[in-house]
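Trainee: Under the working numbering, the first residue of the sequence shown is numbered 380, with each subsequent residue one higher.
Just so you know, even glycine gets a beta-carbon here, dropped at the ideal spot from N, CA and C.
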Amino acid sequence: MAAPGRPAALLLLLRLGLVAAFPNGRVTESCGDMVPRHGHPPRPDPKHSVAVARTTFSPGDQIEVAVSGPEFKGFLLEARNAEDPSGAPVGSFTLIDKEASQLLTCGGKEGSAVSHSNAHKKTAVKVLWDAPHSAPNHVQFLATVVEKYKSYWVRLPSPVISQPKAPPFSTPAATPAPSPALPAASVLSGPFSAAGCGSSKFCVRSPSACDPAAEHACLFLSFTPDGRSVTVELSGPSKGYLSFALSHDRWMGDDDAYLCIHDNQAVSIRPAHLTGRSHPALDSWDTLEAVAWRLEDGGMQCSFRRDIALPGVKGRFDLNTSYYIFLATGAAEDGKIYRHSQQPLITYERHDVTGDPQDVGASGAQPLLRAHGALMLVGWMTTVSVGVIVARFFKPVLSRPLFGEAAWFQVHRALMLLTSVLTCIAFVLPFLYRRGWSRHAGYHPYLGCVVLALAVLQPLLAVLRPALNDPRRQLFNWTHWGLGTVARIVAVAAMFLGMDLPELALPGPWKTYTMLGFVAWHVGTEVLLEVHSYRLSRKVEILDDTRIQIMQPFTMAEAEGHGFKKAVLAVYVCGNVTFLVIFLSAVSHL
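Printed below as a string of structure tokens:
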């Protein structure tokens with residue numbers, strides 16, 4: 380899959396739109412036969428009409444053409460030689476309403492077709508057809524109209540328009556519109572089994588070693604070679620669709636995909652191919668045999684057989700070559716599929732499914748992204764938090780010299796420098812993985828840039844710290860504290876957003892609750908130490924003879940709470956490490 384700067388999202392299954400899987404009307408793939416790639420047959424009962432302003436034309440004329448009828452969402456309009464309706468488009472179009480329609484390039488001719496520009500409901504669309512100088516004697520306009528995903532009409536004809544001196548038009552023999560041929564499918568008698576994985580068949584399982592016969596949550600894919608063909612079994616917990624794809628790399632683009640789609644209490648099994656980041660293009664069933672399926676308790680199973688090699692079939696890979704294997708699930712409604720909400724599982728390396736039988740696993744989060752998350756968690760959940768607590772509350776407790784400076788300062792400086800280094804390393808990893816900037820990660824990368832800038836700025840600012848008695852020292856202290864506080868707040872926000880990204884694939888809602896627990900733990904500790912410091916600073920000695928209230932020195936009062944503070948620090952560090960271990964365990968086991 381080769382798309383620089385894009386995640387390994389299998390895009391099995393970027394959301395298919397409501398109209399021809401292309402709500403923006405970019406349906407050039409259907410230019411020739413004018414059939415939407417929906418996987419459903421067209422309707423035989425036309426409700427819409429294609430009208431022309433007049434029935435004669437001369438080269439260079441403009442003819443108004445209108446498609447109208449009950450509400451529809453998409454259309455494709457072309458002009459054809461009426462004596463050869465299966466031939467190339469004739470002439471070009473000029474738009475009247477650019478909000479509802481757009482020009483397409485079909486047959487290498489710019490503007491030779493018109494389609495919808497959005498999926499909004501409409502009852503009529505008007506365009507102008509520009510008659511070319513090489514126009515045939517008779518021209519007819521053909522329109523495909525899409526009411527909804529499974530309801531569409533193909534090649535609706537207009538009245539024939541003719542040049543003034545053309546011979547009389549004779550209607551050619553009707554050619555029926557191509558219709559997807561449904562393969563015979565049977566219903567499976569029971570669930571698949573993991574028996575034979577690694578010995579007689581190649582298996583991909585998640586969780587590893589799960590058995591679809593006994594575990595409802597088992598996502599299972601197997602390949603069993605049999606002479607010149609391979610039997611494929613796909614099973615998993617999904618009420619929408621299951622899919623897998625074969626890819627030359629970890630990026631989408633030029634991939635051989637297969638989808639099992641829940642449709643009206645049945646399962647439609649379709650091959651598809653992916654080009655760039657476009658929607659999956661559903662292909663013909665012709666290459667699949669022995670199609671079977673089963674639905675039970677929110678789970679889905681499907682199987683089929685196909686030849687190992689399919690020479691001359693576009694989009695189908697030979698199975699005796701090594702590929703990365705992607706597995707994805709997602710929602711489907713009325714036969715159309717939507718983009719998966721979770722990152723697809725991807726095998727760790729390429730595999731030849733017809734070679735030696737293997738039993739392999741797959742991961743939804745890639746190593747570079749896992750490392751990015753782990754480094755950021757270490758830096759902004761542990762090192763920066765402990766460094767801030769030490770500098771804010773433990774100056775009297777850790778006042779003894781350590782390598783020429785107070786111990787608290789050395790600890791604070793070391794932890795903050797470590798945070799900056801971890802942030803810089805972690806920041807680079809997603810760019811290495813995605814080969815550029817990600818436009819699909821929301822605000823997370825923007826907040827990450829802010830965090831990186833502040834993480835680099837803080838130590839540079841510390842180098843310029845004025846002397847203790849310098850009048851600018853107070854300004855430095857407030858600036859240093861302010862930038863540090865902003866960095867911590869932004870980092871926490873970035874972590875909350877990052878945890879929900881499908882690429883990291885952290886399971887369940889517990890991650891949000893755990894992060895909220897960490898924030899409460901840190902804030903609670905700071906409040907506790909703040910209250911403790913305040914109470915110590917307000918301790919007084921009442922002199923009985925004068926009744927004068929004398930404030931104790933702040934450092935003396937602080938010293939009295941050393942034992943308490945040391946205990947709080949120990950408990951706080953243990954709590955931080957516990958939260959960190961929980962997250963790192965989740966990340967490392969994806």
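Considering only C-alpha positions, which residue in the set M874, V790, L843, R851 is nearest to Y825?
Mentor: In the sequence shown, the residue the question calls residue 825 occupies position 446. Among M874, V790, L843, R851, the Cα nearest to that of Y825 is on M874.
Trainee: Write down the C-beta distance between D633 and L653 rounded to the nearest angstrom, noting that I regard them as a contact closer than 8 angstroms.
Mentor: Translated into the one-based positions of the sequence shown, residue 633 becomes position 254. Translated into the one-based positions of the sequence shown, residue 653 becomes position 274. 7 angstroms between Cβ atoms; contact.
Trainee: Quick one: Cα of H427 to Cα of K618, how far?
Mentor: Within the sequence shown, numbered from 1, the residue matching residue 427 stands at position 48. Within the sequence shown, numbered from 1, the residue matching residue 618 stands at position 239. If you take the alpha carbons of H427 and K618, they lie about 34 angstroms apart.
Trainee: So what does DSSP say about K500, is it helix, strand or coil?
Mentor: Within the sequence shown, residue 500 is the residue found at index 121, counting from 1. It is coil, neither helix nor strand.
Trainee: I need the DSSP call for V835, collapsed to helix, strand or coil.
Mentor: Working through the sequence shown from its first residue, we reach residue 835 at position 456. Reduced to three states, the DSSP call for V835 is helix.
Trainee: Can S409 be considered in contact with the ligand SAM, in the sense that its beta carbon sits closer than 7 angstroms to one or more heavy atoms?
Mentor: Ligands in the displayed structure: none, and consequently the ligand SAM is not present.
Trainee: Does the pairing of the stretch 674 to 682 with the stretch 609 to 616 give three or more beta-carbon distances under 8 angstroms?
Mentor: Contact between the stretch 674 to 682 and the stretch 609 to 616 is present, because at least three Cβ pairs lie under 8 angstroms.
Trainee: From the DSSP output, read off the bridge partner residues of L621.
Mentor: By 1-based counting over the sequence shown, the position of residue 621 is 242. According to DSSP, which records beta bridges pairwise, L621 is partnered with C639, T708.
Trainee: In this structure, how does DSSP classify D665 when only helix, strand and coil are distinguished?
Mentor: Here the question's residue 665 lines up with position 286 in the sequence shown. D665 falls in the helix class under three-state DSSP.
Trainee: To the nearest angstrom, report how far apart L948 and Q837 are at their CA atoms.
Mentor: The sequence position of residue 948 within the sequence shown is 569, counting from 1. The sequence position of residue 837 within the sequence shown is 458, counting from 1. So the alpha carbons of these two residues sit roughly 24 angstroms apart.
Trainee: Here's a check: name, in chain order, each residue in its chain whose Cβ is nearer than 8 angstroms to the Cβ of T451, leaving out the five neighbours to either side.
Mentor: As a position in the sequence shown, residue 451 is number 72, starting the count at 1. Sequence inspection shows Phe at residue 451; the Thr mentioned does not correspond to that position. If we look at F451 and ignore the five residues flanking it on each side, its Cβ neighbours are H427, K500, K501, T502, V524, V525, E526.
Trainee: I need the DSSP call for Y822, collapsed to helix, strand or coil.
Mentor: In the sequence shown, residue 822 corresponds to position 443, counting from 1. Correct three-state label for Y822: coil.
Trainee: According to DSSP, is Q441 part of a helix, a strand, or is it coil?
Mentor: By one-based count along the sequence shown, residue 441 stands at place 62. Strand.
Trainee: Can you tell me whether DSSP reads D571 as helix, strand or coil?
Mentor: By one-based count along the sequence shown, residue 571 stands at place 192. For the sequence presented, residue 571 should be read as Phe rather than Asp. Here F571 sits in coil by DSSP.
Trainee: To the nearest angstrom, how far is the alpha carbon of N848 from that of F772?
Mentor: Here residue 848 refers to the residue found at position 469 of the sequence shown. Here residue 772 refers to the residue found at position 393 of the sequence shown. Distance between the alpha carbons of N848 and F772: 21 angstroms.
Trainee: Excluding the 5 residues preceding and the 5 following V566 in the sequence, name in chain order all residues of the same chain whose CB lies nearer than 8 angstroms to its CB.
Mentor: Sequence index remark: in the sequence shown, residue 566 carries index 187 (1-based). For V566, where only same-chain residues beyond five positions count, the Cβ hits under 8 angstroms are A671, W672, R673.
Trainee: Express the C-alpha separation of H627 and V469 in angstroms, rounding to a whole number.
Mentor: Within the sequence shown, numbered from 1, the residue matching residue 469 stands at position 90. Within the sequence shown, numbered from 1, the residue matching residue 627 stands at position 248. Answer to the nearest angstrom: the Cα atoms are 40 angstroms apart.
Trainee: Which stretch, first to last residue, makes up the beta strand (DSSP E) that contains P468?
Mentor: Numbered from its first residue, the sequence shown carries residue 468 at position 89. Note, P468: beta strand (DSSP E), 463 to 468.
Trainee: For I475, which of helix, strand or coil comes out of DSSP?
Mentor: Numbered from 1 along the sequence shown, position 96 holds the residue referred to as residue 475. Here I475 sits in coil by DSSP.
Trainee: Measuring alpha carbon to alpha carbon, tell me which of D735, C597, L880, V835 ends up nearest S579.
Mentor: Here residue 579 refers to the residue found at position 200 of the sequence shown. Nearest C-alpha to S579: D735.
Trainee: Does V506 pass the burial test, meaning 16 or more other C-beta atoms within 10 Å, or should it be called exposed?
Mentor: For this step, residue 506 is matched to residue 127 along the sequence shown. It counts as buried.
Trainee: Looking at the unbroken beta strand (DSSP E) that takes in W532, where does it start and where does it end?
Mentor: Counting from 1 along the sequence shown, the entry for residue 532 is found at position 153. Per DSSP, W532 belongs to the beta strand (DSSP E) from 530 to 536.
Trainee: Mind checking whether I687 and R814 have CB atoms under 8 angstroms apart?
Mentor: As a position in the sequence shown, residue 687 is number 308, starting the count at 1. As a position in the sequence shown, residue 814 is number 435, starting the count at 1. No, these two residues do not count as a Cβ contact at 8 angstroms.
Trainee: Count Cβ pairs between the stretch 888 to 899 and the stretch 864 to 879 that sit closer than 8 angstroms; are there 3 or more?
Mentor: Verdict: yes, contact present.
Trainee: Check this for me: beta carbons of L706 and L600, under 8 angstroms apart or not?
Mentor: Here residue 706 is taken as the residue at index 327 of the sequence shown, counted from 1. Here residue 600 is taken as the residue at index 221 of the sequence shown, counted from 1. Yes. Within cutoff.
Trainee: Helix, strand or coil, according to DSSP, for I687 in the structure here?
Mentor: Along the sequence shown, read from residue 1 onward, the residue named residue 687 stands at position 308. DSSP places I687 in coil when its eight states are reduced to three.
Trainee: Find out if the Cβ-Cβ distance for the pair Y620, G691 is shorter than 8 angstroms.
Mentor: Taking the sequence shown and counting its residues from 1, the one referred to as residue 620 is at position 241. Taking the sequence shown and counting its residues from 1, the one referred to as residue 691 is at position 312. No; because the gap between Cβ atoms is not below 8 angstroms, this pair is not in contact.
Trainee: Where in the stretch 692 to 773 do unbroken runs of the alpha helix (DSSP H), each at least 4 residues long, occur, reported from the N-terminal end onward?
Mentor: Listed in chain order, the complete alpha helix (DSSP H) runs (minimum 4 residues) inside the stretch 692 to 773 are 746 to 756, 763 to 772.
Trainee: Buried or exposed: where does S465 fall if 16 or more other Cβ atoms within 10 Å of its Cβ makes it buried?
Mentor: As a first step, residue 465 is located in the sequence shown; it is residue number 86 there, counting from the start. With fewer than 16 Cβ atoms within 10 Å of its Cβ, S465 is classed as exposed.
Trainee: Does the beta carbon of V842 sit closer than 8 angstroms to a beta carbon anywhere in chain C?
Mentor: Among the chains in the structure shown there is no chain C, since it carries only a single protein chain.
Trainee: Alpha carbon to alpha carbon, how far is V493 from T434?
Mentor: In the sequence shown, residue 493 corresponds to position 114, counting from 1. In the sequence shown, residue 434 corresponds to position 55, counting from 1. Distance between the alpha carbons of V493 and T434: 20 angstroms.
Trainee: Determine the DSSP secondary structure at K527, reduced to helix, strand or coil.
Mentor: Position 148 of the sequence shown, counting from 1, holds the residue named residue 527. Correct three-state label for K527: strand.
Trainee: Going by CA-CA distance only, name the one from S480, S663, D476, P850 that's closest to K693.
Mentor: One-based indexing of the sequence shown puts residue 693 at position 314. The option with the nearest alpha carbon to K693 is S663.
Trainee: Quick check on Q853: buried or exposed, where buried means 16 or more other Cβ atoms within 10 Å of its Cβ?
Mentor: Within the sequence shown, residue 853 is the residue found at index 474, counting from 1. So Q853 ends up on the exposed side.
Trainee: Reducing DSSP to helix, strand and coil, say where N955 ends up.
Mentor: Position 576 of the sequence shown, counted from the start, is the residue given in the question as residue 955. It is helical.
Trainee: Pop quiz: T726 and L689 are said to be a contact at Cβ under 8 angstroms. What is the actual Cβ separation, rounded to whole angstroms?
Mentor: Here residue 726 refers to the residue found at position 347 of the sequence shown. Here residue 689 refers to the residue found at position 310 of the sequence shown. Incorrect: roughly 22 angstroms between the Cβ atoms, too far for contact.
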